[in-house]
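Just below is one structure, and these are the notes that go with it.
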Amino acid sequence: MDAVGRPRSGSPPRKRALMNLRKGVVVGSMVFALVGVLASPPLLLASDHTRAKELLQQTCVHCHRLEGTAESRFKLHAPDLIWAGSKYQRSWLIRWLTGKEAPLYVKGYLWDLTNVPTKHPIVTEAEANALADYFAEHKKDPRVT
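Position one of the sequence shown corresponds to residue 348 (the numbering used here), numbered consecutively onward.
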């Protein structure tokens with residue numbers, strides 16, 4: 348205590364208060380940084396990118412077109428994926444690819460009532476995210492901003 352009866356700046360209660368304040372600032376900064384990392388879009392790892400390309404080449408190309416110019420839907424078996432990164436909302440696409448979304452074309456893409464469409468292949472949540480990331484990165488329509 349000084350001559351007036353106030354605690355000195357170096358007294359234990361004041362030091363504890365300063366230490367608690369510093370801890371609060373450090374913890375708050377860490378929480379803020381963690382929220383920033385979790386809120387940012389996930390990084391597309393090379394293995395995810397490779398798996399997405401494999402899925403596209405092994406499965407999707409049998410029905411969907413991935414390159415070229417748009418064609419009449421009457422010449423297609425399924426929607427073009429040429430600009431899938433601009434066409435589909437990510438959350439819907441992931442639900443669709445994981446089998447949690449009802450079919451878009453119950454009677455087939457060509458509305459052929461005599462043709463029963465085959466079931467769309469279902470992928471895992473991780474594969475659906477990898478495909479959505481791949482579409483967002485590589486299959487954007489340059490005319491759409």
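Glycine included, every Cβ here is placed at the ideal spot set by N, Cα and C.
Report the rounded CA-to-CA distance for residue i versus residue j, giving the unit in angstroms.
| i | j | result |
| --- | --- | --- |
| leucine 391 | aspartate 427 | Because leucine 391 carries a pLDDT of 47, less than 50, the predicted location of this residue cannot be relied on, and the following value inherits that uncertainty. Leucine 391 and aspartate 427: Cα-Cα distance of roughly 23 Å. |
| threonine 416 | histidine 409 | 17 Å |
| alanine 477 | proline 360 | 54 Å |
| threonine 465 | lysine 370 | 59 Å |
| proline 388 | alanine 479 | With a pLDDT of 46 at proline 388, under the threshold of 50, the modelled position of this residue cannot be trusted, and the question is left open. |
| lysine 341 | tyrosine 435 | Outside the shown range of the chain, which is 348 to 492, sits residue 341, and nothing can be said about it. |
| leucine 451 | alanine 425 | 11 Å |
| alanine 431 | asparagine 367 | 52 Å |
By Cβ distance, which residues of its chain are closer than 8 Å to residue i, with the 5 residues on each side in sequence left out?
| i | result |
| --- | --- |
| leucine 365 | none |
| glutamate 472 | Ile441, Thr445 |
Quick one: measure Cβ to Cβ for residue i and residue j, integer angstroms, because I've assumed they're closer than 8 Å.
| i | j | result |
| --- | --- | --- |
| leucine 440 | valine 470 | Their Cβ separation, rounded to whole angstroms, is 11 Å, which puts leucine 440 and valine 470 out of contact at 8 Å. |
| valine 483 | arginine 442 | The amino acid occupying residue 483 in the given sequence is alanine; valine does not appear at that position. With 8 Å as the limit, alanine 483 and arginine 442 do not qualify as a contact, their Cβ atoms being about 16 Å apart. |
| leucine 403 | leucine 413 | 6 Å |
Whose C-beta lies closer than 6 Å to the C-beta of residue i among residues of the same chain, with five residues either side of it excluded?
| i | result |
| --- | --- |
| tyrosine 481 | Ala399 |
| cysteine 407 | none |
Taking 7 Å as the limit between beta carbons, can you name the residues of its chain near residue i, skipping five residues before and five after?
| i | result |
| --- | --- |
| aspartate 395 | Ala477, Asp480 |
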